[in-house]
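In the working numbering, each residue's number is its place in the sequence shown (first place is 1) plus 17.
Don't be surprised by glycine CBs; every beta carbon is placed ideally from N, CA and C.
Down below is the structure, laid out as structure tokens.
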Amino acid sequence: MTAPGEQKMWGGRFERGPDASFYEFERSWSFDRRMLPQELALDRAWARAIVAAGILSEEEGQKIATTLGEIALRAQTDLAWLAASPAEDVHHFVESALIEKLGALGAKLHTGRSRNEMVATEFRMYVREAAQDLRRALASLERAIAAQAEKNLQTPMPGTTHMQHAQPILLSHWLLAHGEAFHRDAERLAAAAARADDCPLGSGALAGCAFPLDRNALARDLGFSRTTANSLDAVSDRDFALEFLFALSTLAMHLSRLAEDFVLFASPEFAFIELPDEFSTGSSLMPQKKNPDAWELIRGKTGRIYGSLVALLTTCKGLPSSYQRDLQEDKEPLFSAHDQALSMVQIAAATLAATRFRADRLCQAAQDPALVATEVADYLVTFGVPFREAHEIVGKVLRAAEQEGISIREMPMERLREFSPAFGPSLSTALTLESALARRATRGGTAPGAVRSALQDFKARLAKLEENP
Ligand code: ARG
Numbered sequence: 018m019t020a021p022g023e024q025k026m027w028g029g030r031f032e033r034g035p036d037a038s039f040y041e042f043e044r045s046w047s048f049d050r051r052m053l054p055q056e057l058a059l060d061r062a063w064a065r066a067i068v069a070a071g072i073l074s075e076e077e078g079q080k081i082a083t084t085l086g087e088i089a090l091r092a093q094t095d096l097a098w099l100a101a102s103p104a105e106d107v108h109h110f111v112e113s114a115l116i117e118k119l120g121a122l123g124a125k126l127h128t129g130r131s132r133n134e135m136v137a138t139e140f141r142m143y144v145r146e147a148a149q150d151l152r153r154a155l156a157s158l159e160r161a162i163a164a165q166a167e168k169n170l171q172t173p174m175p176g177t178t179h180m181q182h183a184q185p186i187l188l189s190h191w192l193l194a195h196g197e198a199f200h201r202d203a204e205r206l207a208a209a210a211a212r213a214d215d216c217p218l219g220s221g222a223l224a225g226c227a228f229p230l231d232r233n234a235l236a237r238d239l240g241f242s243r244t245t246a247n248s249l250d251a252v253s254d255r256d257f258a259l260e261f262l263f264a265l266s267t268l269a270m271h272l273s274r275l276a277e278d279f280v281l282f283a284s285p286e287f288a289f290i291e292l293p294d295e296f297s298t299g300s301s302l303m304p305q306k307k308n309p310d311a312w313e314l315i316r317g318k319t320g321r322i323y324g325s326l327v328a329l330l331t332t333c334k335g336l337p338s339s340y341q342r343d344l345q346e347d348k349e350p351l352f353s354a355h356d357q358a359l360s361m362v363q364i365a366a367a368t369l370a371a372t373r374f375r376a377d378r379l380c381q382a383a384q385d386p387a388l389v390a391t392e393v394a395d396y397l398v399t400f401g402v403p404f405r406e407a408h409e410i411v412g413k414v415l416r417a418a419e420q421e422g423i424s425i426r427e428m429p430m431e432r433l434r435e436f437s438p439a440f441g442p443s444l445s446t447a448l449t450l451e452s453a454l455a456r457r458a459t460r461g462g463t464a465p466g467a468v469r470s471a472l473q474d475f476k477a478r479l480a481k482l483e484e485n486p
């Protein structure tokens with residue numbers, strides 16, 4: 018490799034080379050080298066396209082393709098070569114390597130193209146692949162959720178709103194609630210990938226390509242479904258990256274909510290789960306501690322995913338039309354959000370799979386009579402009491418029970434009938450946990466049958482995601 022100032026991609030009109038500190042400041046090679054696979058694929062496709070446009074001969078195209086293959090191979094094994102390169106960016110790196118090997122022929126590849134369209138194209142390719150990576154990881158998380166739901170299908174637990182006991186639900190229902198959110202995340206990632214599926218190549222620096230390029234063939238060659246419609250928009254559009262970051266932010270938010278549930282469930286007050294040793298840590302001071310750090314870190318890392326979204330939104334705000342160098346700031350936040358989100362999903366899947374739910378504790382907590390208060394009101398309704406009145410009666414019954422220090426289940430029938438003559442012997446059946454669960458049999462409800470079919474439906478959608486991430 019040549020040092021900056023010797024073999025540059027620009028500089029003919031400059032008298033002096035760049036200041037060393039400025040060169041370090043403006044270079045992106047340290048992070049955009051991550052797009053080397055996309056750069057090399059683009060270069061190969063571009064060589065084919067300009068052969069087809071009559072700019073290179075078949076033989077020249079072949080030589081370039083072979084040399085690109087050699088560069089790809091060396092890049093895989095010779096990491097010191099990459100680390101020592103003084104290249105300005107990933108595009109400069111490959112062009113310099115080509116010229117070093119092929120001389121004048123290497124210098125022909127950049128005919129008709131601009132780094133502005135190249136970086137837009139490679140970034141889109143990167144986002145499409147990253148979205149697929151994450152969809153694969155989400156499929157594993159959903160698989161872990163489905164397996165736990167299956168294993169704990171009939172285990173009851175207290176359902177809460179405002180963190181107060183509300184109505185009994187099944188643990189499997191709670192698990193699938195999180196599963197639904199993650200499935201939407203997978204769909205959002207697919208939508209972001211679809212948004213990135215237009216190929217900018219042929220847009221030039223901003224105004225289009227002056228050579229007779231077959232843009233459709235070039236797009237197809239790189240696996241894109243479409244070409245972008247406006248060259249000016251194509252070099253400056255980063256909506257696809259924002260949509261990807263929004264999908265990751267929502268995913269991280271969902272993970273943080275799952276994490277919060279697990280952190281609570283692991284506390285001695287709940288004791289609904291046993292933390293897996295492999296995914297927990299101890300305290301350097303307090304020997305008794307086993308901490309839910311996996312979940313806390315997942316919850317904590319959510320902040321920086323949001324940070325990436327806000328960083329890119331802010332970079333794009335108020336930019337004039339067309340490419341601006343500010344846009345180079347798009348990559349680091351997105352790469353980092355990709356890495357973090359991927360490991361968050363993977364750790365969540367593994368920790369969830371290794372967690373043991375304490376059915377004894379969950380059942381016991383689900384027996385809280387307060388959870389069947391709605392059942393008592395519904396019971397009165399079946400005897401013709403208007404619901405609002407029934408609600409009032411049950412409130413009074415519960416208050417009396419509290420004062421008398423007994424549960425509503427223990428209250429004698431004569432005492433109950435003082436509140437309403439509608440109370441009768443069939444009440445005891447209505448007050449069981451089983452009945453409270455079984456009555457919620459509408460689609461999406463927590464009755465065992467409804468959850469069983471929800472699980473089947475979830476697994477069918479998951480199988481599709483696994484087949485086509
Ligand atoms: N490294 C640049 C980026 O990431 C590539 C495009 C440079 N274009 C330019 N006109 N300086 O955005």
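May I ask which residues mark the beginning and end of the alpha helix (DSSP H) holding I410?
For the purposes of this step, residue 410 is identified with residue 393 of the sequence shown, where counting begins at 1. Per DSSP, I410 belongs to the alpha helix (DSSP H) from 404–421.
What would DSSP say about E32, mapped onto helix, strand or coil?
Position 15 of the sequence shown, counted from the first residue, corresponds to residue 32. Here E32 sits in coil by DSSP.
Let me make sure I understand the geometry here. Which of V327, R274, L359, A283 has the alpha-carbon closest to that of L259?
For the purposes of this step, residue 259 is taken as residue 242 along the sequence shown, with counting starting at 1. Looking at the Cα atoms, V327 is the closest of the given residues.
Measure from the alpha carbon of A480 to the alpha carbon of each residue in A161, P337, T138, T319, then state which is nearest.
Within the sequence shown, residue 480 is the residue found at index 463, counting from 1. For A480, the nearest C-alpha among the options comes from A161.
If distances are taken between C-alpha atoms only, which option among L330, Q381, P217, L397 comes closest to T245?
Counting from 1 along the sequence shown, the entry for residue 245 is found at position 228. It is P217.
Assuming A203 and L155 form a contact by the criterion Cβ under 8 Å, report the distance between their Cβ atoms to the nearest whole angstrom.
Here residue 203 corresponds to residue number 186 of the sequence shown, with the count starting at 1. Here residue 155 corresponds to residue number 138 of the sequence shown, with the count starting at 1. Confirmed, about 5 Å.
Is it buried or exposed, T19, if we count other Cβ atoms within 10 angstroms and call 16 or more buried?
One-based indexing of the sequence shown puts residue 19 at position 2. Here the model assigns T19 a pLDDT of 41, short of 50, so the residue's position is not dependable and the matter cannot be decided.
Which partner residues does F374 have in the DSSP bridge list?
The residue labelled residue 374 in the question sits at position 357 within the sequence shown. In the DSSP output, where bridge partners are listed per residue, F374 has I290.
Given a cut-off of 8 Å on the beta-carbon distance, is the pair A251 and R243 in contact?
For the purposes of this step, residue 251 is identified with residue 234 of the sequence shown, where counting begins at 1. For the purposes of this step, residue 243 is identified with residue 226 of the sequence shown, where counting begins at 1. Contact: no.
Which partner residues of T355 appear in the DSSP bridge assignment?
In the sequence shown, counting from the first residue as 1, residue 355 sits at position 338. The sequence shown places His at residue 355, rather than the Thr named in the question. None, per the DSSP bridge assignment.
From which residue to which residue does the alpha helix (DSSP H) around G466 run?
Counted from its first residue, the sequence shown places residue 466 at position 449. G466 -> alpha helix (DSSP H) spans 465–484.
Less than 6 Å between C-beta atoms, sequence neighbours within five positions excluded: which residues of the same chain meet that for A387?
Walking along the sequence shown from the start, residue 387 turns up at place 370. Excluding residues within five positions, the ones whose Cβ falls inside 6 Å are H182.
Taking the C-alpha atoms as reference points, what is the distance between K476 and E146?
The residue you call residue 476 lines up with position 459 of the sequence shown. The residue you call residue 146 lines up with position 129 of the sequence shown. Computed Cα separation, rounded: 24 Å.
Using a Cβ-based criterion (distance less than 7 Å to any ligand heavy atom), does E132 qualify as near the ligand ARG?
For the purposes of this step, residue 132 is taken as residue 115 along the sequence shown, with counting starting at 1. Sequence check: residue 132 is Arg here, not Glu. Checking the Cβ of R132 against the ligand ARG gives yes.
When you compare only the Cα positions, how much space is there between V487 and E159?
With the chain running from 18 to 486 in the structure shown, residue 487 is simply not present.
Could you check which residue in A137, G320, A166, D231 has the C-alpha nearest to that of V467?
As a first step, residue 467 is located in the sequence shown; it is residue number 450 there, counting from the start. Correcting the residue identity first, residue 467 is Ala in this sequence and not Val. With distances taken between Cα atoms, A467 lies closest to A166.
Return the CA-CA distance between E32 and E41, expressed in angstroms with no decimal places.
The residue you call residue 32 lines up with position 15 of the sequence shown. The residue you call residue 41 lines up with position 24 of the sequence shown. Rounded to the nearest angstrom, the two C-alpha atoms are 19 Å apart.
Suppose the cutoff is 7 Å on Cβ atoms and the five residues either side in sequence are ignored; what does the same chain contact list for E56 look like?
Start at 1 with the first residue of the sequence shown, and residue 56 comes out as number 39. Correct list, in chain order: V107, H108, V111, E139.
For the ligand ARG, is there a heavy atom less than 7 Å away from the beta-carbon of K348?
As a first step, residue 348 is located in the sequence shown; it is residue number 331 there, counting from the start. Yes, Cβ of K348 sits closer than 7 Å to a heavy atom of the ligand ARG.
Does the distance from the C-beta atom of G123 to that of I67 stay below 8 Å?
Residue mapping note: residue 123 aligns to position 106 of the sequence shown, counting from 1. Residue mapping note: residue 67 aligns to position 50 of the sequence shown, counting from 1. Contact flag unset, no.
Quick one: what's R232 bridged to in DSSP?
Within the sequence shown, numbered from 1, the residue matching residue 232 stands at position 215. None; R232 has no bridge partner.
Does any heavy atom of the ligand ARG sit closer than 7 Å to the C-beta of D106?
Mapped onto the sequence shown, residue 106 falls at position 89. Yes, the ligand ARG has a heavy atom inside 7 Å of this Cβ.
Roughly how many angstroms lie between the CA atoms of A70 and E483, to the nearest whole one?
Against the sequence shown, residue 70 aligns to sequence position 53. Against the sequence shown, residue 483 aligns to sequence position 466. So the two alpha carbons sit approximately 40 Å from each other.
Are T172 and P293 touching if we call contact CB-CB under 8 Å?
Here residue 172 refers to the residue found at position 155 when the sequence shown is read from its first residue. Here residue 293 refers to the residue found at position 276 when the sequence shown is read from its first residue. Result no, Cβ atoms of T172 and P293 do not sit closer than 8 Å.
Measuring from the CB of S242, is there a heavy atom of the ligand ARG at a distance below 7 Å?
As a first step, residue 242 is located in the sequence shown; it is residue number 225 there, counting from the start. S242 Cβ: outside cutoff for every heavy atom of the ligand ARG.
Tell me, please, whether the region 357–377 touches the region 333–347 by the rule of three or more beta-carbon pairs shorter than 8 Å.
With the cut-off at 8 Å, the region 357–377 and the region 333–347 do not touch.
Could you check how far apart the C-beta atoms of L454 and P175 are, in whole angstroms? I think they sit under 8 Å.
Counting from 1 along the sequence shown, the entry for residue 454 is found at position 437. Counting from 1 along the sequence shown, the entry for residue 175 is found at position 158. With 8 Å as the limit, L454 and P175 do not qualify as a contact, their Cβ atoms being about 12 Å apart.
For the structure I just gave you, are there three or more beta carbon pairs, one from the region 290–306 and one from the region 384–402, closer than 8 Å?
Too few Cβ pairs lie closer than 8 Å, so no.
Let's test the definition: count the other Cβ atoms within 10 Å of the Cβ of S273 and tell me whether it reaches 16, buried, or not, exposed.
Taking the sequence shown and counting its residues from 1, one reaches residue 273 at position 256. S273 should be labelled buried.
For G412 and T391, what's the separation of their Cα atoms in angstroms?
Position 395 of the sequence shown, counted from the first residue, corresponds to residue 412. Position 374 of the sequence shown, counted from the first residue, corresponds to residue 391. Their backbone Cα atoms lie some 10 Å apart in a straight line.
Decide if P350 is buried, meaning its Cβ has at least 16 other Cβ atoms within 10 Å, or exposed.
As a working note, residue 350 is residue 333 in the sequence shown. Its Cβ being crowded by 16 or more others within 10 Å, P350 is buried.
Shortest alpha-carbon distance to E409 belongs to which of Q420, V393, T399?
Within the sequence shown, numbered from 1, the residue matching residue 409 stands at position 392. Comparing Cα positions, the closest option is V393.
What are the partner residues of H271, as DSSP defines its beta bridges?
Position 254 of the sequence shown holds residue 271. Answer is none; H271 lacks a bridge partner.
Considering H127, what are the terminal residues of the beta strand (DSSP E) in which it resides?
To locate residue 127, count along the sequence shown from 1; it is residue 110. Unbroken run through H127: none, as it is neither H nor E.
Check P337 in the structure and name its three-state DSSP category.
In the sequence shown, counting from the first residue as 1, residue 337 sits at position 320. Reduced to three states, the DSSP call for P337 is coil.
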